[in-house]
Amino acid sequence: DGGITQSPKYLFRKEGQNVTLSCEQNLNHDAMYWYRQDPGQGLRLIYYSQIVNDFQKGDIAEGYSVSREKKESFPLTVTSAQKNPTAFYLCASSIARGNTEAFFGQGTRLTVV
Amino acid sequence: QKEVEQDPGPLSVPEGAIVSLNCTYSNSAFQYFMWYRQYSRKGPELLMYTYSSGNKEDGRFTAQVDKSSKYISLFIRDSQPSDSATYLCAMKYGNKLVFGAGTILRVKS
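As given, the protein sequences belong to chains B and D, one line each in that order. Count along the first sequence starting at 1, add 45, and that's the number in this note's numbering. In terms of this note's numbering, the second sequence has 91 at position 95, counting the first letter as 1, and numbering is strictly consecutive.
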């Protein structure tokens, strides 16, 4: 089955630690996105990538880093510099041109303890 | 000013009611318009998308776009308790994808 897989579903991190969230897609999509969702604030864009080895900052990139070494994979690292990392993180992908729908993974709930 | 405005609700309706969900936007560059449904603690799932002004119907759902007014709507007919979820509008131009805050819908049986 084609789709987007995020792992893990739940993640706990101690303050001061970096943590990496996985996002893998087998839809052959060029574009991939990371969003953060907080109650009452909708989805806010962290980073997006249009092609391999290229990515751009979104609206709230501070304290996050990404890589795009393979078309199928777009991992997100939440660094210790992110002051309020507890949130629901969503990864999405879409075809860069033509068909424009974006499809989402099931999300990762990150909690700092 | 946010590029996309959406009333967060919650919107509470009785079963069988017609539901109207709306978003406004400020950037006339947006070309594609989508509606997503999100159940609690799940990823959003795409309901409908359209790229032109007018109406698009799919079962009980109708998406409406008015580019001249920068206004989009999603209508749900014969609403069911299973429609209770958060509904997110989304808009795209190029590779920029922007979401509204989401409207919480509660359909009471």
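Positions of the beta carbon are idealized from the N, C-alpha and C atoms, including for glycine.
Asked: Residue range of the beta strand (DSSP E) that includes Leu88 (chain B); Found: 87 to 94
Asked: Residues near Glu(-1) (chain D) by beta carbon distance below 7 Å, same chain, minus five either side; Found: Tyr21, Ser22, Asn23, Val94
Asked: Candidates B:Ile105, B:Thr131, B:Gly87, B:Thr65, of which the one nearest Phe119 (chain B) by Cα; Found: B:Thr65
Asked: Neighbour list for Ala106 (chain B) in chain D, Cβ cutoff strictly below 7 Å; Found: Within chain D, no residue comes near Ala106 (chain B); the closest Cβ sits about 14 Å away, beyond 7 Å.
Asked: Pro10 (chain D), DSSP secondary structure in three states; Found: strand
Asked: Cα-Cα separation, Met87 (chain D) to Glu41 (chain D); Found: 15 Å
Asked: Length of the line joining the Cα atoms of Gly50 (chain D) and Gly61 (chain B); Found: 51 Å
Asked: Contact set for Thr109 (chain B): own chain, Cβ-Cβ below 8 Å, skip 5 residues either direction; Found: Before going on, a small fix: residue 109 (chain B) reads as Tyr here, not Thr. The residues are Trp79, Ile91, Tyr92, Leu121, Thr122, Val123, Thr124, Gln127.
Asked: Residue interval of the beta strand (DSSP E) (run including Asn51 (chain D)); Found: 50 to 54
Asked: Residue-chain proximity (Tyr78 (chain B), chain D), Cβ-Cβ < 8 Å; Found: yes
Asked: Val157 (chain B) versus Phe57 (chain B): straight-line alpha-carbon distance, rounded; Found: 6 Å
Asked: Straight-line gap, Tyr134 (chain B) to Arg73 (chain D) (C-alpha atoms, nearest Å); Found: 32 Å
Asked: Chain D residues whose Cβ lies nearer than 8 Å to that of Gly85 (chain B); Found: Pro4, Ala97
Asked: Cα-Cα separation, Val60 (chain D) to Met44 (chain D); Found: Rather than Val, the amino acid found at residue 60 (chain D) in this sequence is Gln. So the alpha carbons of these two residues sit roughly 10 Å apart.
Asked: Residue from D:Gly90, D:Pro77, D:Ser105, D:Phe71 whose Cα sits closest to the Cα of Thr32 (chain D); Found: A small correction: the amino acid at residue 32 (chain D) is Tyr; Thr does not occupy that position in the sequence shown. Of D:Gly90, D:Pro77, D:Ser105, D:Phe71, the residue nearest in Cα terms is D:Phe71.
Asked: Thr58 (chain D) to Gln82 (chain B) span [Cα, whole Å]; Found: 26 Å
Asked: Per-residue contacts from Gln151 (chain B) into chain D (C-beta, under 7 Å); Found: Lys38, Gly39
Asked: Distance cut-off 7 Å: Ser69 (chain D) Cβ against heavy atoms of the ligand ADP; Found: Of the ligands one can find in the structure shown there are none, so the ligand ADP has no counterpart to examine.
Asked: Contained alpha helix (DSSP H) runs [length at least 4] in the region 13 to 88 of chain D, N- to C-terminal order; Found: none
Asked: Interface residues of chain D facing Gln70 (chain B) [CB-CB closer than 7 Å]; Found: Within chain D, no residue comes near Gln70 (chain B); the closest Cβ sits about 12 Å away, beyond 7 Å.
Asked: Assigned exposure category for Gln51 (chain B) - 16 Cβ within 10 Å defines buried; Found: buried
Asked: Straight-line Cα distance separating Asn91 (chain D) from Ser138 (chain B); Found: 10 Å
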